[in-house]
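Notes to accompany the following structure.
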Amino acid sequence: MRGVESALADGYDVNYGARSIKYEVERRVVNQLAAAHEKGIIGKGSTVQIFALFPENAEAPEIKLKVRKSGVKDFIEIEQSWPSIKNLTSIFD
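Per my numbering, the very first residue in the sequence shown carries number 1270; after that it's consecutive.
Structure representation (structure tokens):
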């Protein structure tokens, strides 16, 4: 089974070295984390899981996030299309 590291390593470019991996992490992970934080999905005490999906016909694997707010049992998958609302606590109840 391939993981997130493998999905990010697919973006490695020998001409750019480690910078290409740094770019992949920023583009595919950090940007999602920042957007989720801005939308109020991730906050203090939240736990985030990062995972990769490898669809058969896809050009590149998808990097996805799941979040669990403090005091909540289950993780909720973060959808990039969620509306920009500061208080989304009701989805975690």
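Positions of the beta carbon are idealized from the N, C-alpha and C atoms, including for glycine.
Here's a check: name, in chain order, each residue in its chain whose Cβ is nearer than 8 Å to the Cβ of residue i, leaving out the five neighbours to either side.
i, result
"R1271", "A1321, F1323 and P1330"
Which residues in the same chain have their Cβ closer than 6 Å to the Cβ of residue i, if we skip the five residues on either side of it in sequence?
i, result
"Q1301", "L1334"
Assign residue i to one of two classes, buried (16 or more other C-beta atoms within 10 Å of its C-beta) or exposed (fewer than that).
i, result
"K1342", "exposed"
"A1305", "buried"
From the DSSP output, which residues share a beta bridge with residue i?
i, result
"Q1334", "It is worth fixing the name first, because residue 1334 is Leu in this sequence and not Gln. According to DSSP, L1334 bridges with I1319."
"D1282", "G1286"
"E1346", "K1335"
Suppose the cutoff is 7 Å on Cβ atoms and the five residues either side in sequence are ignored; what does the same chain contact list for residue i look like?
i, result
"S1368", "It is not possible to answer for residue 1368, since the shown part of the chain is limited to 1270 through 1362."
"Y1281", "S1289 and I1290"
Do residue j and residue i come within 9 Å of each other at the CB atom, strictly closer than that value?
i, j, result
"V1273", "V1298", "yes"
"E1295", "D1279", "no"
"L1277", "I1345", "no"
Three or more beta-carbon pairs under 8 Å between the stretch 1275-1290 and the stretch 1307-1318, yes or no?
no
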